Amino acid sequence: MSGTSVVTVTPIPTTPNVTPAGPLVVCEGSSSIVLTSDAASGNQWYKDGSPIGGATATTLNITTVPGNSGSYTVISTVSGCASAVSNAVSVTIDALPLVTPVVTRPRLRSAVATR
3 MSGTSVVTVT
13 PIPTTPNVTP
23 AGPLVVCEGS
33 SSIVLTSDAA
43 SGNQWYKDGS
53 PIGGATATTL
63 NITTVPGNSG
73 SYTVISTVSG
83 CASAVSNAVS
93 VTIDALPLVT
103 PVVTRPRLRS
113 AVATR
């Protein structure tokens, strides 16, 4: 019995590169940070090693709140094959300092009128 088998080999996608490379340090409330993957499609973004739900576009917009500080990476998947993890971009978002207003009143001086 003779037969022919066809084997299709899918190459591993190129490791994506993320720009800007960082580290990035911004203040809370600044304009959002935009990271870009050079992989045209199949992106999945990660923060601190965990996938970010719904983050599959070429760009990732990060709102500048302290809870979004962390290490960001992306993996590209093409035809079911995943790339290696991209370069990590460190993002630090510094919280705004709390300002406590201090209200002072001038001292009242008693005055005695004399004639």
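Sequential numbering of the sequence shown, starting at 3, is according to our numbering.
The beta carbon of each residue, even a glycine, is placed where N, CA and C say it ideally should be.
Nothing here was measured: the structure is a model prediction, and the numbers come from that model.
Along the chain, where does the beta strand (DSSP E) containing ILE35 start, and where does it finish? Counted from its first residue, the sequence shown places residue 35 at position 33. 35-39 is the extent of the beta strand (DSSP E) around ILE35.
For PRO15, does the three-state DSSP call read helix, strand or coil? The residue labelled residue 15 in the question sits at position 13 within the sequence shown. Correct three-state label for PRO15: coil.
Does the beta-carbon distance from ASN45 to ALA59 come in below 9 angstroms? Position 43 of the sequence shown holds residue 45. Position 57 of the sequence shown holds residue 59. Their beta carbons are under 9 angstroms apart, which means ASN45 touches ALA59 by this criterion.
So what does DSSP say about ASN45, is it helix, strand or coil? Start at 1 with the first residue of the sequence shown, and residue 45 comes out as number 43. The answer is strand: DSSP assigns ASN45 an E or B state.
Can you find the residues in the same chain that come closer than 6 angstroms, C-beta to C-beta, to PRO118, ignoring five residues on each side of it along the sequence? Coverage of the chain is limited to positions 3 through 117, which leaves residue 118 absent and any answer about it impossible.
Work out the CA separation of SER81 and ASP96 for me, nearest whole Å. Counted from its first residue, the sequence shown places residue 96 at position 94. Counted from its first residue, the sequence shown places residue 81 at position 79. One C-alpha to the other measures close to 40 angstroms.
Sufficient close CB pairs (3 or more, under 8 angstroms) joining the segment 50-67 to the segment 9-17: Output reads no: the segment 9-17 does not touch the segment 50-67.
Could you spell out the range, first to last residue, of the beta strand (DSSP E) harbouring ILE95? Residue mapping note: residue 95 aligns to position 93 of the sequence shown, counting from 1. Here the beta strand (DSSP E) through ILE95 covers 91-96.
Buried or exposed: SER32, going by 16 or more other Cβ atoms within 10 Å of its Cβ? By one-based count along the sequence shown, residue 32 stands at place 30. SER32 counts as exposed, since fewer than 16 other beta carbons sit within 10 angstroms of its beta carbon.
Length of the line joining the Cα atoms of SER92 and LEU26: Along the sequence shown, read from residue 1 onward, the residue named residue 92 stands at position 90. Along the sequence shown, read from residue 1 onward, the residue named residue 26 stands at position 24. Approximately 6 angstroms, taken between the alpha carbons.
Indicate whether CYS186 and ILE35 have their beta-carbon atoms separated by less than 9 angstroms. Outside the modelled stretch of the chain, which goes from 3 to 117, sits residue 186, for which no answer is possible.
Between THR65, GLY51, THR79 and THR106, which lies nearest to ALA90 when the distance is taken from Cα to Cα? Against the sequence shown, residue 90 aligns to sequence position 88. That would be GLY51, whose Cα lies nearest to the Cα of ALA90.
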